[in-house]
Every structure is written in C-alpha cells, then in structure tokens.
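Engineer: Submitted below is the structure of interest, expressed as structure tokens.
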C-alpha cells in the first residue's frame, strides 16, 4: 500500500514540475523593461488622448492576435502581457474612458477616483511591485500612506473607540496588543493563522494552472486541504475563526474590519480571503502618484507599441462563434449597427456573469459546463459611493493620507444584516459601515494639479434591489424619488463624516452619490457590485478554484480579471497573470519570481 502511495506522490511531483514550474512559451518577463522615469503628464487633455480614444472601424488594427473585452486592470494587464511577447491586441471598453474601476472623472474642477483607494504589498522587488513595474515600464509611481494607514472607529459619538492599524509585521501586532492588554494570546494566534492562510495563496494559482484531471484528484481526494492552509480555511467563515479566538467584541471587530475591501460580512466571508487581504497590507499601503488613471495611462502605450489599440465607447454586444462553437471575434455596437471584429483569441474582462449570460447565445449559455460554473457564483454586494469636493487644502481641512473605517457598533454581522433586511427608507438613515478616505491627501501631485481644493471618497454597500426600479431611466435624470433617496442617504452619511472631519463643514463645493445602478451604467456591473462575483466561503473552496479558470468551455474564449482570482487591483492582476500563463503556455509567476531575484541581486551588488 505504502509503495502505491509513494508512487502516486512521485508522479504528482513530476507532473507538478512539468505543468506548474515547466515553461515552453515566450515570457513577458525575460528582462527588466523599466525605463528612466519620464516627466509626469499633468495636463488632462494630453492624458485623454491616450485614455479616451473612441472606437472607429478605421482604428481597428489588422491581423489581430487577440481581442480583450473590458479595460479594467485584468483586461489591460493581459493585453500588456501579450503585447510584451509581440502580440497585437485590441482592447474594447464600453465606457468613454479606459481603466475600468481605475478610471477617474472630473466634476466642478474636482477629480475623483472610483475604485482605487489603497494598494498593499508594493515593497520594491516583491512580486506585485515587480509585475506593476514591468506592465508600465517602470513609469507608474507609488506613494506610501501614513502609518497607521487605517483607523477603525467603533460606536456612537458618546462612546466612540478608535483603534489605529499599523503596517509592519512586528508593529501590527505590537500596536494591537497596546490597545487590547490581556489579549496577547488571541492576537498572536490570529496573526499566525492569517499568515499561514494568506501566504499559501500561491496554491490557488497552482490549481488553476494544473491539468484539470490532476487538479481534480488533489481536490476530491482531500489532499489539497491537507497540503494548503488556504484551502483548509477557505470554507470557514471569518466569524467562526475569530469568535473562537477571543470574547472581546471590540477586538473581534478590529480583526474583521477590513471585510469592506471585498464586500462580505464576517459570517459570510472566507477566513482565507480575509487573511489574504491582511497579509497584503501588512508590509504597508500605497497610492498611485497622479491618481488611479495613471495605471491605464502607462499600460496603453505598451499595447500600442506592439501594434494593438485600446478603444472606448465600444460596447461589445456579443461574442462571435463559428459553426463549431469556437470564439472567432466580437460584435461591437456602433450606433444602431454591428461592427464585427475578428481574432483567433477572445479574452473577457467583463466578468463571469456578463460573459456567460449576456455575450453568448442562449443555446451556448445552456451548456452544462457553463451552467456548472455559474452554479458556483452569485453576484457580489452592490456598492455605494459618495464623492465630496472641498474648498481648502489638506492642512486646512485636517485631511491625511490614511483611511477611516467607521462602524455604528462592534457587532458587525448583526448591524450589517439588520441594515440589509430593513426597509430602504429607514436603513439609509443609519448606514452601519462607512469607509472614508481622501485621495487628494494621498497624492503628492494633487496640490500642483488642483491647488486649494481637496476631495473625500466614501464607500459602503446597499442591495441592488433598493435602486432597481430606476435602472432603465436616463443616468442623469432618474426622477425626483431617486434624487430624494440619494439626498437622504447623503445627509445621513455626512453626519458621520463631520464627526471624523469637523473642519470640512461648510467647505463642500460638490457632492454626489453613486448607487448600484450607477455602477451598472459606468462599469457594467450587472447588479451594481464593485468586487465582481461574491467573495463568500463558497468562492474559496478548492472545488470552485478548479472549476472557474481562465479557460472556458468555449474554445478560444478566456476569462481574466478579478472573477478568475480575487477582487481588487492585485487580484485582477493575478487573474491576468493566470490567464497569460494559460495562453502563453508558461508559468509567468515563476518568471516574475526569477526577475525579482535577479533585481534584488543587482541591488545588492550596487550597494
């Protein structure tokens, strides 16, 4: 028996090295492509020449190698990876500017980011930083946030507790222990489990790259759960794990506070997903210099240099298939006419729901393999955003390069569940979670670009159903009832914001609310979700991991972005990396690690 087990293990190791560590295709990371920093382009018109190139048939390159639907980080990321090995790629974006959730917009002279609030794990020559540098030829610059980078605010004004969250592997624990004396054992065990799970996320990439039969064997035999903390704790809820560590309700809330970065309340959230986020921010938090639009602005020229293009106002209404049900291109709506664009590979960054339920014919949607994938996923929570334009500098208004997570109390699950179940008009009068940040205070170029002005961005959640009745109205004219609802919500939220930033009162020059149907319009989120498919416990089971991969049941059609891996900037990049690995028949993570090692060695020699 043991001989048979040994042979199976040896075979698995051989196959692991062949399919996961072995490579045969070209690599986008063969050399360090960073260039000397060029002067930052601060002129909006010049940036728009790159970000707002409208779709025309005459602008579509000939002899395309691939078409990408959607220009979020996952879409642009895979396009750049392919461009770096000489592929000609066309990226099509339905909005009037490229970037997806990384785009910015301007109103009344104020610039607002819609999705990028802070990014972790960007220490020089680490994998995420290395990927970001290579995909922008070293032109995307990052500014560290203050330390503490987050503040957790619990309770009403008369009983408010504020807990600072520090970066740094040692300092994170040290500062928590100062806030919660007597809870040292719980804090140490929480951090131990978090690191075990979060640092094991590479197993998710491994499973997605393995041949399906081997991956299924590892999953259904139970071996993967024995080998990986990430998959062992993936199906366990955050509440379950945290409540087993401590009875202190404030500490429980502080352990769980960052669930808003992926959108699932603690009792529904995967402990592994939460661990991944905590490990992500443990080394620190950063913000892109010049704002989130810098990301797309520095990716697009690389795509163009290889003969490709990124075109906006290009809504794809369907994926073209041949008689063998293979993807051969896309149809773009130009006014009332369809324009067909062909390529041997089609890659969707539009999300799993849009791709399968809106872009494929009904008979193809009904395929058992597609229905099986859809059975694993559900829509994420609808996102709420509030944008405030302020008169005054960050010093005058008391704004800093840090974030505030404000909760009405420490019983997070109970408050969030009650909010979702309550009648809409009553619920919005007391939003239980509000994330508050100042993009202008984080960006060192802001004062030069927008002197004497500042901004605040607020994020929370709300059911799509609360706003669904207005989804078909004109985006700028949804009626008096909708406007009144937004005003009630805004007034409720402002009461909380004034408590945190009292100096902004009477300094607001612009304010607006984005609801789930706003997200539906601008970023094509089917139910107004800001993090794609739901990130609950089911999403981080090993079975889900091997079922939703870059390859789809349709030949030549691939998925990229956050629905392939996880949400956020880093998750969308990871989705692009896994997709690129499959298309190029090469494990790009191995290449990135090799490049990181080479750059570290070069730095040591230079010292």
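Numbering (my numbering), first residue to last: 2 to 608. Even for Gly, the Cβ is constructed at its ideal location relative to N, Cα and C. The structure presented is a predicted model; accordingly, all values stated were derived computationally and were not measured.
Work out the CA separation of residue 145 and residue 123 for me, nearest whole Å.
Structural biologist: Start at 1 with the first residue of the chain shown, and residue 123 comes out as number 122. Start at 1 with the first residue of the chain shown, and residue 145 comes out as number 144. Roughly 9 Å separates the two Cα atoms.
Engineer: If distances are taken between C-alpha atoms only, which option among 607, 348, 364, 253 comes closest to residue 550?
Structural biologist: Here residue 550 refers to the residue found at position 549 when the chain shown is read from its first residue. With distances taken between Cα atoms, residue 550 lies closest to 348.
Engineer: Could you tell me the distance, in whole angstroms, from the CA atom of residue 332 to the CA atom of residue 360?
Structural biologist: Taking the first residue of the chain shown as 1, we reach residue 332 at position 331. Taking the first residue of the chain shown as 1, we reach residue 360 at position 359. Taking the straight line from one Cα to the other gives about 9 Å.
Engineer: Whose C-alpha, out of 140, 275, 529, is nearest the C-alpha of residue 382?
Structural biologist: For the purposes of this step, residue 382 is taken as the residue at position 381 of the chain shown. Comparing Cα-Cα distances from residue 382 to each of 140, 275, 529, the minimum goes to 529.
Engineer: For residue 564, I'd like the list of residues in its chain whose CB is within less than 6 Å of its CB, leaving aside the five on either flank, ordered along the chain.
Structural biologist: Locating residue 564 in the chain shown gives position 563, counting from the first residue. 352, 353, 533, 534, listed in sequence order.
Engineer: Of the residues 595, 114, 518, which one's Cα is nearest the Cα of residue 295?
Structural biologist: One-based indexing of the chain shown puts residue 295 at position 294. When only C-alpha atoms are compared, the closest one is 114.
Engineer: In this structure, how does DSSP classify residue 378 when only helix, strand and coil are distinguished?
Structural biologist: Within the chain shown, residue 378 is the residue found at index 377, counting from 1. Here residue 378 sits in coil by DSSP.
Engineer: May I ask you to report which of helix, strand or coil DSSP gives residue 289?
Structural biologist: Within the chain shown, residue 289 is the residue found at index 288, counting from 1. Looking at residue 289 - three-state DSSP - the assignment turns out to be strand.
Engineer: Round the Cβ separation of residue 148 and residue 164 to the nearest angstrom and send it over; I've been treating them as touching at under 8 Å.
Structural biologist: Taking the chain shown and counting its residues from 1, the one referred to as residue 148 is at position 147. Taking the chain shown and counting its residues from 1, the one referred to as residue 164 is at position 163. At roughly 14 Å, the Cβ-Cβ gap does not stay under 8 Å, so residue 148 and residue 164 are not in contact.
Engineer: Pick out whichever of 580, 607, 358 has its Cα sitting closest to the Cα of residue 82.
Structural biologist: Position 81 of the chain shown, counting from 1, holds the residue named residue 82. For the residues 580, 607, 358, the minimum Cα distance to residue 82 belongs to 580.
Engineer: Curious, which full-length alpha helix (DSSP H) runs of at least 4 residues does the region 31-69 contain?
Structural biologist: The region 31-69 contains these whole alpha helix (DSSP H) runs: 45-52.
Engineer: With a threshold of 7 Å on Cβ separation, who are the neighbours of residue 26 within its own chain once the five nearest residues in sequence on each side are excluded?
Structural biologist: Counting from one through the chain shown, the residue named residue 26 turns up at place 25. Here the set comprises 585, 586, 587.
Engineer: Once DSSP output is grouped into helix, strand and coil, what is the label at residue 343?
Structural biologist: Along the chain shown, read from residue 1 onward, the residue named residue 343 stands at position 342. In this structure, residue 343 counts as strand in the three-state DSSP scheme.
Engineer: Residue 482: which of 205, 467, 326 sits nearest, CA to CA?
Structural biologist: Walking along the chain shown from the start, residue 482 turns up at place 481. Closest option to residue 482, Cα to Cα, is 467.
Engineer: Do residue 252 and residue 307 count as a contact pair if the criterion is CB distance below 8 Å?
Structural biologist: As a first step, residue 307 is located in the chain shown; it is residue number 306 there, counting from the start. As a first step, residue 252 is located in the chain shown; it is residue number 251 there, counting from the start. No, Cβ-Cβ distance for residue 307 and residue 252 is not below 8 Å.
Engineer: Within 8 Å, do at least three Cβ pairs link the region 196-208 to the region 228-236?
Structural biologist: Result yes; three or more Cβ-Cβ pairs closer than 8 Å.
Engineer: Report the CB separation of residue 275 from residue 141 in whole angstroms; it is logged as a contact under 8 Å.
Structural biologist: In the chain shown, the residue the question calls residue 275 occupies position 274. In the chain shown, the residue the question calls residue 141 occupies position 140. Not really, about 27 Å apart at Cβ, beyond 8 Å.
Engineer: Quick test of your reading: residue 435 and residue 102, contact by CB under 8 Å. State the CB separation rounded to the nearest angstrom.
Structural biologist: For the purposes of this step, residue 435 is identified with residue 434 of the chain shown, where counting begins at 1. For the purposes of this step, residue 102 is identified with residue 101 of the chain shown, where counting begins at 1. Wrong, their Cβ atoms sit about 19 Å apart, outside the cutoff.
Engineer: Determine the burial state of residue 57: buried for a count of at least 16 other Cβ atoms within 10 Å of its Cβ, exposed for fewer.
Structural biologist: The count along the chain shown starts at 1 and reaches residue 57 at position 56. When all chains shown are included, residue 57 counts as exposed.
Engineer: Whose C-alpha, out of 447, 369, 371, is nearest the C-alpha of residue 394?
Structural biologist: In the chain shown, counting from the first residue as 1, residue 394 sits at position 393. Closest by alpha carbon: 447.
Engineer: Can you list, in chain order, the stretches of the beta strand (DSSP E) that have 3 or more residues and sit fully within the region 422-506?
Structural biologist: Whole beta strand (DSSP E) segments, 3+ residues: 434-438, 454-462.
Engineer: Give the secondary structure of residue 601 by DSSP, where H, G and I count as helix, E and B as strand, and everything else as coil.
Structural biologist: On the chain shown, residue 601 is found 600 positions in, with the first residue counted as 1. Looking at residue 601 - three-state DSSP - the assignment turns out to be helix.
Engineer: Whole-angstrom Cβ separation of residue 610 and residue 70, contact assumed at under 8 Å?
Structural biologist: Because residue 610 is not part of the residues shown, which for the chain are 2 to 608, the question remains open.
Engineer: Could you please give me the residues that DSSP links to residue 335 through a beta bridge?
Structural biologist: To locate residue 335, count along the chain shown from 1; it is residue 334. The partner list for residue 335 (beta bridge, DSSP) reads 338.
Engineer: Please check the pair residue 531 and residue 384, which I expect to be a contact at CB under 8 Å, by giving their CB distance rounded to whole angstroms.
Structural biologist: Here residue 531 is taken as the residue at index 530 of the chain shown, counted from 1. Here residue 384 is taken as the residue at index 383 of the chain shown, counted from 1. About 3 Å separates the two Cβ atoms, so the contact holds.
Engineer: Might you give, ordered along the chain, the residues of its own chain that have their beta carbon closer than 7 Å to the beta carbon of residue 89, omitting 5 neighbours on each side?
Structural biologist: On the chain shown, residue 89 is found 88 positions in, with the first residue counted as 1. Excluding sequence neighbours, residue 89 sits near 62, 64, 65, 66, 307, 308, 309.
Engineer: Do residue 121 and residue 267 count as a contact pair if the criterion is CB distance below 8 Å?
Structural biologist: Taking the first residue of the chain shown as position 1, residue 267 is located at position 266. Taking the first residue of the chain shown as position 1, residue 121 is located at position 120. No, the Cβ-Cβ distance between residue 267 and residue 121 is not below 8 Å.
Engineer: Along the beta strand (DSSP E) that carries residue 300, what are the first and last residues, could you check?
Structural biologist: In the chain shown, the residue the question calls residue 300 occupies position 299. No beta strand (DSSP E) holds residue 300; the alpha helix (DSSP H) holding it covers 294-306.
Engineer: When the distance is taken between beta carbons, is residue 86 closer than 8 Å to residue 128?
Structural biologist: Taking the chain shown and counting its residues from 1, the one referred to as residue 128 is at position 127. Taking the chain shown and counting its residues from 1, the one referred to as residue 86 is at position 85. It is not a contact, given that the beta carbons lie outside the stated cut-off.
Engineer: Given a cut-off of 8 Å, decide if residue 243 and residue 234 are closer than it, judged by their beta-carbon atoms.
Structural biologist: As a position in the chain shown, residue 234 is number 233, starting the count at 1. As a position in the chain shown, residue 243 is number 242, starting the count at 1. No, they are not a contact pair.
Engineer: In this structure, does DSSP put residue 165 in helix, strand or coil?
Structural biologist: On the chain shown, residue 165 is found 164 positions in, with the first residue counted as 1. Three-state DSSP puts residue 165 in a strand.
Engineer: Leaving out the 5 sequence neighbours to the left and right, which residues in its chain are closer than 8 Å to residue 1 when beta-carbon positions are compared?
Structural biologist: Because the chain in this structure spans residues 2 to 608, residue 1 falls outside the shown range and cannot be described.
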